[in-house]
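Undergrad: Below is one structure. I have some questions about it.
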Amino acid sequence: MPSAGRRPQTLVRTAALAATALLVAGPLAASAQADPANSPATPDLPAALITAITRDLKISPQDYLARADAAQKVATFATTAQRQFPQVYGGAWLDETGKAIVALAPGDGIDQARKAVQDAGFTAKDVSKSETTLRGEKNAFQQWLKDQPESVSKAVRGVAIDTLNNTIAVRADKADLPLPGFVDPTRVIVMTAPPMGGEGQDVPQASDIAGAGPRAMSAGDAYASVAGRMSLRCSLGFNGTDGGGNAVNITAGHCNPNIPATGGANSPAVYALSGENRGPQIGVFQKSVLGNQDYSIIGVNNDYHDALSNPFVTVPGAAPISITGVAVPVVGAPVCKSGARTGFSCGVVNAVDQTVQVGDRLLTQSFSANICALPGDSGGPLVTGTLALGISSASSVADYPICDIPNLIGLITGNTPQLFAQPVSTVLSDNPGLRVNTA
């Protein structure tokens, strides 16, 4: 978390998407198109998002929607398969052409599982380990790590199930670490320890803005959070309602400058931003979680209830996306993020249900995608198709001034920027009654 600046009342620090690093190399977006007969004819997507899709994913907007839909269909199948065939189900993903793949390991029930996969219209792939076995290896690695000296434990930055390679992947800060025998040496990704990033900005007080009043605000719009002399700049996440029908916004936990005070009389306040100017207060932090997860729920003031009751995701000066539901992350699924600093950019999900070290905390159940995000994008939305998928949490390139630099480095080295995100579905399941606004 960034520290307070020298000019305590006007300095707003952009909440750093805490720098992490690549864990799992996932499928790259291919130029192959989905069957046009199975793709929506006229996708209802804004021009700015279509530009990002074609630029970053090299696919059509119709294919983007078709792949997002395919990912959720195989995710629904996977939930049933995990329960019915726990000894043989080995994971599910979309390949580079957008085809849904379901992995099957040897064991009791494999014939029935294979028939179920084929009947559902998916492609079965034989692998050696079930997802149950892989989860056991991931848990065993984490237990093993607890007993290691600091020279080893602090050099390991994270672990994830590598669905595509049917193994677990480990990220470490240096080579030649002693590791358990079940870790495939080729899936140990060695990178230097990530730096932390932050950016200070002067933001005039609300009284400096003439005629500022309630205006529609959507996921991706900038806001300032304030606690005493500490201020942070972030992006709004998804608009929603709590169990009482009150308007809320779901954003990042690390965007709260004073989590211990949350929910009390001195709960940090949230202000609208108009350009670089701080506008009226729109709410306060109602709940913040920062540790294994990273999310906040902003309670919206009555005056801004209508302004934040829309189901939109946008970037400045562009038409919005209308959110139609909530999705779960699937490896290979197309995903696009909106951020107040860098706008729309897209990639593919390359790891799910992963554990990664972010600063001094361990983020669990996160997913990642090959997308650049910078400080100020924190808390903003990630969508797949027109479905709410996640909240921007951490970035591998938070110390760069612009995305062009790490994107170019990624093209040359293959070490692409990585964005780590908090799944929205997890936030909703942890907060009964909480809902994302939909069209």
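Going letter by letter, the sequence shown gives residues -34 to -1, 1 to 405 in mature numbering (1 follows the signal peptide of the UniProt record, and there is no 0). For glycine and all other residues, C-beta sits at the position ideal for the given N, C-alpha and C.
In terms of alpha-carbon separation, which member of L239, D260, K104 lies closest to A387?
TA: Here residue 387 corresponds to residue number 421 of the sequence shown, with the count starting at 1. For A387, the nearest C-alpha among the options comes from D260.
Undergrad: Please report the distance separating the alpha-carbon of M(-34) from that of P341.
TA: Locating residue -34 in the sequence shown gives position 1, counting from the first residue. Locating residue 341 in the sequence shown gives position 375, counting from the first residue. Because the pLDDT of M(-34) is 35, which lies under 50, any placement of that residue in the model is unreliable, and the question is left without a value.
Undergrad: Hey, N222 and S184 are a contact pair by Cβ (cut 8 Å); roughly how many whole angstroms apart?
TA: Position 256 of the sequence shown, counted from the first residue, corresponds to residue 222. Position 218 of the sequence shown, counted from the first residue, corresponds to residue 184. In fact, because the Cβ distance is near 20 Å, the residues do not count as touching under 8 Å.
Undergrad: Taking buried to mean at least 16 other C-beta atoms within 10 Å of its own C-beta, is K140 buried or exposed?
TA: Position 174 of the sequence shown holds residue 140. With fewer than 16 Cβ atoms within 10 Å of its Cβ, K140 is classed as exposed.
Undergrad: Residues in its own chain within less than 7 Å of G186 by CB, not counting five upstream and five downstream?
TA: Within the sequence shown, the letter at position 220 stands for residue 186. Counting only Cβ-Cβ distances below 7 Å, and skipping sequence neighbours, we find S201, L202, V279, T280, V281, S304, G305, A306, G346, P347.
Undergrad: So, helix, strand or coil for Y189, using DSSP?
TA: Reading the sequence shown from its first residue, position 223 is the one you call residue 189. Looking at Y189 - three-state DSSP - the assignment turns out to be strand.
Undergrad: Rounded to the nearest angstrom, what separates L374 and D22 at their Cα positions?
TA: Counting from one through the sequence shown, the residue named residue 374 turns up at place 408. Counting from one through the sequence shown, the residue named residue 22 turns up at place 56. Between the alpha carbons of L374 and D22 lies a gap of roughly 13 Å.
Undergrad: With a 10 Å radius around its C-beta and 16 neighbouring C-beta atoms as the bar for buried, classify P295 as buried or exposed.
TA: Looking up residue 295 in the sequence shown gives position 329. Looking at its Cβ environment, which holds 16 or more other Cβ atoms inside 10 Å, P295 is buried.
Undergrad: Taking the C-alpha atoms as reference points, what is the distance between G283 and A34?
TA: Position 317 of the sequence shown, counted from the start, is the residue given in the question as residue 283. Position 68 of the sequence shown, counted from the start, is the residue given in the question as residue 34. In a straight line, the C-alpha of G283 is about 26 Å away from that of A34.
Undergrad: Just the Cα atoms here: how many angstroms apart are P286 and G87?
TA: Working through the sequence shown from its first residue, we reach residue 286 at position 320. Working through the sequence shown from its first residue, we reach residue 87 at position 121. Between P286 and G87, the C-alpha separation is close to 33 Å.
Undergrad: Using the Cβ count rule (16 or more neighbours within 10 Å means buried), how would you classify I127?
TA: The count along the sequence shown starts at 1 and reaches residue 127 at position 161. I127 comes out buried.
Undergrad: Rounded to whole angstroms, what is the Cα-Cα separation between A210 and R181?
TA: For the purposes of this step, residue 210 is taken as residue 244 along the sequence shown, with counting starting at 1. For the purposes of this step, residue 181 is taken as residue 215 along the sequence shown, with counting starting at 1. Checking the sequence shown, residue 210 turns out to be Gly, not Ala. Approximately 23 Å, taken between the alpha carbons.
Undergrad: Determine, using beta carbons only, whether S262 and G298 come nearer to each other than 7 Å.
TA: Working through the sequence shown from its first residue, we reach residue 262 at position 296. Working through the sequence shown from its first residue, we reach residue 298 at position 332. Not closer than 7 Å, so no.
Undergrad: Provide the residue span of the alpha helix (DSSP H) that contains K39, from first to last.
TA: Counting from one through the sequence shown, the residue named residue 39 turns up at place 73. Where K39 is concerned, the enclosing alpha helix (DSSP H) stretches over 27 to 50.
Undergrad: My output table needs one value for S184: the three-state DSSP class, helix, strand or coil.
TA: Here the question's residue 184 lines up with position 218 in the sequence shown. Of the three classes helix, strand and coil, the one that applies to S184 here is coil, per DSSP.
Undergrad: Got a sec, what are the start and stop residues for the beta strand (DSSP E) S304 sits in?
TA: By one-based count along the sequence shown, residue 304 stands at place 338. It spans 300 to 305 - the beta strand (DSSP E) in which S304 sits, taken as one unbroken run.
Undergrad: Indicate whether P389 and G351 have their beta-carbon atoms separated by less than 7 Å.
TA: Taking the sequence shown and counting its residues from 1, one reaches residue 389 at position 423. Taking the sequence shown and counting its residues from 1, one reaches residue 351 at position 385. Taking 7 Å as the Cβ cut-off, P389 and G351 do not qualify as a contacting pair.
Undergrad: Enumerate, from N- to C-terminal direction, the unbroken beta strand (DSSP E) stretches of 3 or more residues contained entirely within the segment 60 to 138.
TA: Counting whole runs of 3 or more residues, the segment 60 to 138 contains the beta strand (DSSP E) stretches 66 to 70, 89 to 92, 122 to 128, 133 to 138.
Undergrad: For I76, collect the residues of the same chain with a Cβ closer than 6 Å to its Cβ; drop the 5 residues on either side in sequence, then sort them by chain order.
TA: Walking along the sequence shown from the start, residue 76 turns up at place 110. Correct list, in chain order: V54, L70.
Undergrad: State the CB to CB distance for the pair F51 and A79, rounded to an integer number of angstroms; the pair is presumed to be in contact (CB under 8 Å).
TA: Here the question's residue 51 lines up with position 85 in the sequence shown. Here the question's residue 79 lines up with position 113 in the sequence shown. That pair is a contact at about 4 Å.
Undergrad: Is it buried or exposed for P2, if we count other Cβ within 10 angstroms and need 16 for buried?
TA: Position 36 of the sequence shown, counted from the first residue, corresponds to residue 2. Unreliable placement is indicated for P2, whose pLDDT of 35 sits below 50; the coordinate value is still reported in the next sentence. Exposed, because fewer than 16 other Cβ atoms sit within 10 Å of the Cβ of P2.
Undergrad: Going by other Cβ atoms of all chains shown within 10 Å of its Cβ, with 16 needed for buried, is D29 buried or exposed?
TA: Walking along the sequence shown from the start, residue 29 turns up at place 63. Under this definition D29 is a buried residue.
Undergrad: Please state whether DSSP places Y237 in a helix, a strand or coil.
TA: By 1-based counting over the sequence shown, the position of residue 237 is 271. Strand at Y237.
Undergrad: Take R101 as the anchor and find which of F333, T404, L145, Q320 has the nearest alpha-carbon.
TA: In the sequence shown, the residue the question calls residue 101 occupies position 135. Ranked by how close their Cα comes to the Cα of R101, the residues F333, T404, L145, Q320 have Q320 in first place.
Undergrad: Could you pull out every residue in the same chain whose Cβ sits closer than 8 Å to the Cβ of A231, ignoring the five residues on either side in sequence?
TA: Position 265 of the sequence shown, counted from the start, is the residue given in the question as residue 231. Result list for A231: empty, nothing under 8 Å.
Undergrad: Go ahead and pull the three-state DSSP assignment for G56.
TA: Position 90 of the sequence shown holds residue 56. Strand, per DSSP.
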